[in-house]
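First comes the structure, then the notes that go with it.
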Amino acid sequence: MTFSFGPFRLVPGRQLLLLDDRPVKLGGRAFELLRLLVQRRGELVSKNDLTAAAWPGTFVHDSNLKVNMWSLRRSLGDTQIEPIYIATVARRGYKFIADVRVGIGDVQDEPTPADPPPLAHPPLPRGIVGREADITAIADLLAEDRLVTLAGTGGIGKTTVALAVAQAYASRYHDGVCFVDLATISDPTLFGAALVTALGIRGNTDIGLAAVLDFLRPRQMLLILDNCEHVLPAATIFASKFMTDTSPSRLLATSREPLGTTIEHVVRLGSLSFPSFGLGLSADQAVRFPAVELFVRRATEWSDYEFVDEDCNAIAAICHSLDGLPLAIELAAAQIGRFTPQELLLNLDHKLGFTAAGIASLPRHETLMATIEWSYRLLSQKEARLFAVLSVFSDGFEHDDAVFVANAAGLTPIDVVTALGSLVAKSLLSAQARGSSLRYRLLDSTRRYAAERCRGDPACGSAMRRHAERMIALFEQSEEEWNWREPADWTERYLGRIADLRSALSWSFGEQGDPMLGIRLAVAAITLWSETSILSEAQARLEVALALAKRVPCDDLSKAKLACALGWSLFYARKSSNENEVAWLDAIAFATRAGNVDYQQRALVGFAFYLLQIGEIARAITYLEQATSLAGRDRDSTATSEADRALAWAHAFAGELSKSRPVLDRLASTHSLAQGRSRKDANEVYRFITVRFNLPFVAWMQGQADYAAKLARDAVDAADRGGHWVSQSNALGLAALPISLEIGDLDALAFFTERLRRNLERERISRWVSVERYFSACLRNLRGDRRAVEDIRVAIDELIECRFLMRIGSYLAFLARAYLRQGRVAKARDAIRRAIDYQERQGERWCRSELLRVNASILLHAGETDRAEKLFNQALADARATGALTFALRTATDLAAHWATTGREKDAVQLLAPIFGEFTEGFGAQDLVRASRLLAEIDDGTSGRDS
């Protein structure tokens, strides 16, 4: 059975609320409240009945019902004074008043919420009061100006207005809206990390702001920087760089003061308008003033208040006294359940020193803080202590988090559940449904005040320690859940905790902190950093944690985990440094001392990948043979599978294709493309993808161009479907791009270079930036751009400078051929000399025959025929020895072409035809096309002479 009202459809049997057939996230309690109200539509449902439905068999404070009812109304968009769906019956209960259509049956297919988008989307604003003109004006300004700063005192409503602009005008921004809450960071050095995380940029962003600008440059989006006053210098620097860039995006900043750039458009947000004192207005007249409307709305939400004419003067005076500050008005309205408007006015006058006429005697910012102080003084001792303790949270938190931390102040779980509802009802705390639970949050101004109270209360002295311990518990839980929770769900759940992870680590590693807690938390956070590819931030934290772990008593396995994670974060840095080798050797030593075979293998394999990257092939093989020979091996373990794959790859680089291919074939057949969404399925997909980093190049060398291209594309497509952007970049850089270039498929090369370019905007793995530049330049060169050859050279020099030396010999060989096509023989000779030098130094025998062939072509072009023929024969013998059929064909084709022009057509055919005949596929690849064409030309030539 389904219940439809307005654009909504309620499906109780599936615990679903749909808005235009898209799931609406509701807390479990809010869903039960809605179900009961809809089923008893048109009837008064008492508070007792609602409480029994949402909290069966449990005693809860009345404020909890109000919190969840408010969350439900917000989810339905029913926050105006005159309700659409749920009406409050003062002091009695609630009534569902909308028309409901009852349907028989169920939804055909259960909708599945999409994976969370990469952008940090803005939270929905509360019901907006009196800001319509401001919202329109700001939106119009953003249409013309790229930077608008919304300035004003705390509590004036800057965030609310910015969110309303984003919600109302989101369709103007093709690439979406990104909200960055800078109140969640206290360290200005984390400004770049906050932007990178909010935008969903992953990878190793060596220069965070540059990565953000690169990401925004091709996009049309609205970036909201909220609460810039916390990190004003950093925000100003970024805004200045943003304005000198060419992005079509817009930047909307909120701050208590302007950013101070030379070209920002500053909008100073004023107070809500309120009636002058003593006008004798009726309720209908007074509520037309936004300040009064806001007061009445909030009082109605929380206290079942009914606005009457007799209260007009008192409420108008309160709004006047509070200078129209929205947050101050909400705090005052929250007390209506305790005071009448008249009593509230007298109380404010007594506590804050307001005049009887309601003229505020304090500046606006002091008015707000005085109002928060007044609200705080009205709290019970337990409420006040919880309020103070909650300031340790940098971002949203849940009930269990509050219970854990509140233990520091001697509060029981019952104290917490009661006080949370009361604090929300008094507007000192906000609450929003998140999945099946409520997520609470302190507003910036109230958090600052609460933090001062926490520091001044000895009973709250261990709050930061409890907060760090809570983060440890959460992230150790995340490690366990990683094995079974759906990847998208896991990421959404724990990435939302990153602000509190940062603050807990900062406290732990600070002067007043506990380094042992910090080490333990850093170990627990490795999974999050790895899964979300937040590598630069991880690197900085891991360096601190590992350095401390070496100085304090710490178990070897924890140190091995830290060192392994640091090794991988450094592995993806722009430049491979000796620090990476130190990290891996540390990891091997720690894992060995701990006697942990799994981490020994991980460390050995990680170090070997690093060695392969910097061109030390023989050393890599030594460490990989050690990894694969460890006793008690589990063939199904990820570490063992990676060791087998890495060793096979290293053998391929060493020119031992006969050792490499069987292992890669076995791994490729073992790991299927799983269709499920579980972690096990995700791991299977990862293995499916990674073996296809390596197998395509081996298959291509052995003469299977079509198969190689298919394997590479399968890896790219599988990574695309799963959102594995780092894996996809690896598949592109190691397989798809080289294969496309070597087989001469320029359309595929163009497609894959563009794909890698877009990936680098999302997950900026620095080493692939120069690789993308190299292949893009190769593409332009092959399409006739003579200037591209210098871009090829620059990209190769960047790779060498970064010590990304894997395949550098083949890159230089392409450069030599490009120079040769332009007749620049000296440049070609220099390039191939460098290529051979790197190949010999690194032991990359796989490409030796190709380098000999290119060198021979240069000699032939220079007229050194005898030396050229000798090198061609050496290249052919080497290709045959390694089993590189494609390189044998290339060499045979070059030599046969030379012989065909010097009257040795018969020798040319006898050399080339048997090698060409060994191929069974790939006849569209450029090497086979050229060989086939040459044989046909020789045959036509000899036939012509015979006739």
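The sequence shown runs 341 to 1287 under my numbering. Beta carbons: idealized from backbone N, C-alpha and C, even for Gly.
Going by DSSP in three states, R1032 sits in which element: helix, strand or coil?
Taking the first residue of the sequence shown as 1, we reach residue 1032 at position 692. R1032 falls in the helix class under three-state DSSP.
What residue ranges within the stretch 556-642 form continuous beta strand (DSSP E) runs of no fewer than 3 residues, ordered along the chain?
562-566, 590-595, 605-608
Taking all protein chains shown into account, decide if E450 is buried (16 or more other Cβ within 10 angstroms of its Cβ) or exposed.
Here the question's residue 450 lines up with position 110 in the sequence shown. Since pLDDT at E450 reaches only 47, below the 50 mark, its modelled position is unreliable, and no value is offered.
Whole-angstrom distance between L562 and C518, CA atom to CA atom:
The residue given as residue 518 occupies position 178 in the sequence shown. The residue given as residue 562 occupies position 222 in the sequence shown. Approximately 6 Å, taken between the alpha carbons.
Could you check what DSSP says for C1142 in three-state terms: helix, strand or coil?
Indexing the sequence shown from 1 puts residue 1142 at position 802. Note: C1142 maps to coil in three-state DSSP.
For the stretch 988-995 and the stretch 1029-1039, state whether three or more C-beta atom pairs, one from each stretch, are separated by less than 8 Å.
yes
Report yes if the C-beta distance between I1136 and I1172 is below 8 Å; otherwise report no.
One-based indexing of the sequence shown puts residue 1136 at position 796. One-based indexing of the sequence shown puts residue 1172 at position 832. Result no, Cβ atoms of I1136 and I1172 do not sit closer than 8 Å.
Counting only runs of 4+ residues fully inside the stretch 810-897, write out the alpha helix (DSSP H) ranges in chain order.
827-835, 838-848, 855-872, 875-889
Where T1030 and V732 are concerned, what is the direct C-alpha to C-alpha distance, given to the nearest angstrom?
Looking up residue 1030 in the sequence shown gives position 690. Looking up residue 732 in the sequence shown gives position 392. The alpha-carbon atoms of T1030 and V732 are separated by roughly 42 Å.
Which runs of the alpha helix (DSSP H) spanning at least 4 residues fall entirely within the stretch 1161-1222, listed in chain order?
1165-1182, 1188-1201, 1205-1222
Could you pull out every residue in the same chain whose Cβ sits closer than 6 Å to the Cβ of V1111, ignoring the five residues on either side in sequence?
The count along the sequence shown starts at 1 and reaches residue 1111 at position 771. Within the same chain, V1111 has close Cβ partners G1073.
Start and end residues, alpha helix (DSSP H) containing D521
Position 181 of the sequence shown holds residue 521. Note, D521: premise wrong, no alpha helix (DSSP H); beta strand (DSSP E) at 517-521.
Candidates R381, T398, W395: closest to F436 by CA position:
Counting from 1 along the sequence shown, the entry for residue 436 is found at position 96. The option with the nearest alpha carbon to F436 is R381.
Within its chain, find whatever has a CB closer than 6 Å to the CB of S1116; leave out the 5 residues flanking it on each side and keep chain order.
Along the sequence shown, one-based indexing puts residue 1116 at 776. Only T1093 meet the Cβ criterion.
Is it true that the stretch 578-591 meets the stretch 1128-1148, where meeting means three or more beta-carbon pairs spaced less than 8 Å apart?
Taking a cut-off of 8 Å for Cβ pairs, the stretch 578-591 and the stretch 1128-1148 do not touch, as fewer than three such pairs fall below it.
Reducing DSSP to helix, strand and coil, say where R1027 ends up.
Residue mapping note: residue 1027 aligns to position 687 of the sequence shown, counting from 1. Note: R1027 maps to helix in three-state DSSP.
C-alpha gap between D515 and Q560, whole angstroms:
Reading the sequence shown from its first residue, position 175 is the one you call residue 515. Reading the sequence shown from its first residue, position 220 is the one you call residue 560. For D515 and Q560, the distance between alpha carbons rounds to 5 Å.
Candidates S613, E1184, L619, of which the one nearest A958 by Cα:
Counting from one through the sequence shown, the residue named residue 958 turns up at place 618. Ranking S613, E1184, L619 by Cα distance to A958 puts E1184 first.
Cα separation between E1103 and A1276?
Within the sequence shown, numbered from 1, the residue matching residue 1103 stands at position 763. Within the sequence shown, numbered from 1, the residue matching residue 1276 stands at position 936. Straight-line Cα distance between these residues: approximately 48 Å.
Let me make sure I understand the geometry here. Which of R842, E821, A393 has the alpha-carbon closest to that of R833?
Taking the first residue of the sequence shown as 1, we reach residue 833 at position 493. Looking at the Cα atoms, E821 is the closest of the given residues.
Leaving out five residues on either side along the sequence, give the residues of the same chain with a beta carbon under 8 Å from the beta carbon of L726.
Here residue 726 corresponds to residue number 386 of the sequence shown, with the count starting at 1. So the qualifying residues of the chain are A742, A746, A749, L751, D755, V756, A759, L760, L763.
Contact set for Q1068: own chain, Cβ-Cβ below 7 Å, skip 5 residues either direction:
For the purposes of this step, residue 1068 is taken as the residue at position 728 of the sequence shown. Counting only Cβ-Cβ distances below 7 Å, and skipping sequence neighbours, we find V1056, A1059, D1060, N1099.
Within the stretch 778-802, ranges of the alpha helix (DSSP H) (whole runs, at least 4 residues):
Listed in chain order, they are 784-795.
Taking Y434 as part of the beta strand (DSSP E), name the residues at either end of that continuous run.
On the sequence shown, residue 434 is found 94 positions in, with the first residue counted as 1. Unbroken beta strand (DSSP E) run through Y434: 433-436.
Are the beta-carbon atoms belonging to E1180 and S1150 less than 8 Å from one another?
By 1-based counting over the sequence shown, the position of residue 1180 is 840. By 1-based counting over the sequence shown, the position of residue 1150 is 810. No, the pair does not count as a contact, with Cβ atoms beyond the cut-off.
Kindly confirm or deny that the stretch 1230-1245 and the stretch 1202-1222 touch, where touching means at least three C-beta pairs closer than 8 Å.
Yes, the stretch 1230-1245 touches the stretch 1202-1222.
Please classify T398: does DSSP put it in a helix, a strand, or coil?
Start at 1 with the first residue of the sequence shown, and residue 398 comes out as number 58. Residue state, collapsed to three classes: coil.
Verify whether the separation of the beta carbon atoms of E1082 and W1040 is less than 8 Å.
For the purposes of this step, residue 1082 is taken as residue 742 along the sequence shown, with counting starting at 1. For the purposes of this step, residue 1040 is taken as residue 700 along the sequence shown, with counting starting at 1. Going by C-beta atoms, E1082 is nearer than 8 Å to W1040.
From the DSSP output, which residues share a beta bridge with Q966?
Residue numbering aside, residue 966 sits at position 626 when the sequence shown is read from its first letter. DSSP lists no partner for Q966.
Straight-line Cα distance separating D895 from G433:
One-based indexing of the sequence shown puts residue 433 at position 93. One-based indexing of the sequence shown puts residue 895 at position 555. The alpha-carbon atoms of G433 and D895 are separated by roughly 58 Å.
Give me the DSSP bridge partner(s) of P363.
Numbered from 1 along the sequence shown, position 23 holds the residue referred to as residue 363. Note: P363 sits in a beta bridge opposite L358.
Going by Cα to Cα distance, which pick from D485, S613, A728, D797 is closest to L769?
Here the question's residue 769 lines up with position 429 in the sequence shown. Comparing alpha carbon positions, the residue from D485, S613, A728, D797 closest to L769 is A728.
What would DSSP say about L719, mapped onto helix, strand or coil?
For the purposes of this step, residue 719 is taken as the residue at position 379 of the sequence shown. Three-state DSSP puts L719 in coil, outside helix and strand.
Name, in chain order, the residues that DSSP records as bridge partners for L350.
Start at 1 with the first residue of the sequence shown, and residue 350 comes out as number 10. Per DSSP, F343, L357.
Contact check, L997 vs G1223, beta carbons under 8 Å:
One-based indexing of the sequence shown puts residue 997 at position 657. One-based indexing of the sequence shown puts residue 1223 at position 883. A contact, by the Cβ cut-off of 8 Å.
Cβ of D1054 within 8 Å of any chain B Cβ
Given the protein chain composition of this structure (a single chain), no chain B is represented.
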